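Residue numbers (our numbering): -10 to 348. Backbone N, C-alpha and C define an ideal beta-carbon position, used for all residues, glycine too. No experiment lies behind these values; they were computed from the predicted model shown. A short write-up of the structure that comes next.
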Ligand code: SF4
């Protein structure tokens, strides 16, 4: 390693990227190190026990912007409800959104549904077996196409997600020593390093390395299987997480009828406009950015913390208290509780209804 660093020091900055690819002379050893580490240290995740493109595609879409821990249960329940692409294609959009409830970023669910319909209609229910054809499907970008093609069909095509990009930037160089790979260079290096005999496992190995060892803030370099090829060994400028917006407060009203044990309980919900930019058409509790005035102490039920994208909310839940100046439409509609699993409700509403024992 020291020898390599000395060699790098003697090379002009602009050519170091290429020089660091001298590591590429040991690319076979590098691949073996990643694959062996992945074989022994990978997390046991359900989408790693299959080569079914439907299940792999679903996991990749769910994992976009969502933590593994949050995806696990949704993945299991979603597959129970929609076990294959034909069943998903035949479902209504509302049913798909209902099953997606709690995962957020609902555009993903709409694109997922549109993609399933296209696979059913144009491909006879079978996913195309190469990344180029997968890329033509709705909601499938370069990363997702490569992930499905390499894992399900063993196509030799590399993936670059945030984890892989971080590993490669640190492995090859970063701003602190005057090197910062462009997106195109990152994809190029990923493709150069890829194992052609086990492309799916190699891609997952690189992603797993970034997710569990070469983590953003303090990489665990002593445990890293590729540290002997790493230029930076974690000596990187600290990347601060994106700044979050100021906290916002909202007031929600939870109004329910218990049905007197008849099983006909109801809760009042409002449907968001179909044209809304955020969560269009989804159902939620009536809410306002202003509290009722005066606000009787007896109306307060509980306070929740909730985040949507980069905004943190403090949510005050009131029981059976009208909100200020609510237009008639915003007061909502009585919805039968046993219908709720079949309609799309927002993650916040699900959280509150669960906490209240209504669902
Ligand atoms: S040695 Fe450290 S910085 Fe380099 S790839 Fe491994 S974990 Fe990341």
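- Where residue 291 is concerned, the enclosing beta strand (DSSP E) starts and stops at 289 to 297.
- For residue 238, the enclosing beta strand (DSSP E) covers residues 237 to 243.
- In the displayed model, residue 334 falls within a strand according to three-state DSSP.
- When the alpha-carbon of residue 212 is set against those of 206, 220, 198, the nearest one is in 198.
- Taken in chain order, the complete alpha helix (DSSP H) segments of 4 residues or longer contained in the segment 77 to 109 are 82 to 89.
- Boundaries of the alpha helix (DSSP H) harbouring residue 58: 57 to 70, taken from the DSSP string.
- The criterion of a C-beta distance shorter than 8 Å is satisfied by residue 24 and residue 194.
- Annotated three-state conformation of residue 324 is strand, per DSSP.
- In this structure, residue 201 has its beta carbon at no less than 7 Å from each heavy atom of ligand 1.
- The Cβ neighbour count for residue 267, taken over all protein chains shown within 10 Å, is under 16; the residue is labelled exposed.
- By the Cβ criterion, the segment 55 to 72 is not in contact with the segment 117 to 126, since fewer than three pairs of Cβ atoms, one from each stretch, lie closer than 8 Å.
- With 16 or more other CB atoms across the displayed protein chains lying within 10 angstroms of its CB, residue 150 is buried.
- Assignment of residue 74 by DSSP, reduced to helix, strand and coil, places it in the helix class.
- By the neighbour-count criterion, in which a residue is buried when 16 or more other Cβ atoms sit within 10 angstroms of its Cβ, residue 294 is exposed.
- In this structure, ligand 1 has a non-hydrogen atom nearer than 7 Å to the beta-carbon of residue 156.
- Straight-line spacing of the CA atoms in residue 115 and residue 109 works out to 7 Å.
- Excluding residues up to 5 positions away in sequence, 36, 39, 136, 137, 140, 141 lie with their Cβ nearer than 8 Å to the Cβ of residue 45 in the same chain.
- When only Cα atoms are considered, residue 75 and residue 105 end up about 7 Å apart.
- The beta carbon of residue 152 is closer than 6 Å to those of 196, 199, 200 in its chain, skipping five residues each way along the sequence.
- When DSSP states are grouped into helix, strand and coil, residue 186 belongs to the coil group.
- Within the DSSP bridge table, the entry for residue 178 names no partner.
- Around the CB of residue 62, fewer than 16 other CB atoms lie within 10 Å, so the residue is classed as exposed.
- Apart from the 5 residues on each side of it in sequence, residue 84 sits with its Cβ closer than 7 Å to the Cβ of 331 in its chain, given in chain order.
- In this structure, DSSP gives residue 160 a helical state, which the three-state scheme calls helix.
- When DSSP states are grouped into helix, strand and coil, residue 277 belongs to the strand group.
- Here residue 98 is near residue 86, since their CB atoms are less than 8 Å apart.
- Around the C-beta of residue 15, fewer than 16 other C-beta atoms lie within 10 Å, and the residue is accordingly described as exposed.
- Residue pairing of residue 257 in beta bridges, as defined by DSSP: 323.
- Approximately 5 Å separates the beta-carbon atoms of residue 91 and residue 339; this is inside 8 Å, confirming the contact.
- Relative to the non-hydrogen atoms of ligand 1, the Cβ of residue 336 never comes closer than 7 Å to any of them.
- Between the C-alpha atoms of residue 244 and residue 111 there is a straight-line separation of about 46 Å.
- Assignment of residue 301 by DSSP, reduced to helix, strand and coil, places it in the strand class.
- Runs of alpha helix (DSSP H) with 4 or more residues, each lying fully within the segment 195 to 230, are absent.
- CA-CA distance, residue 298 to residue 173, rounds to 28 Å.
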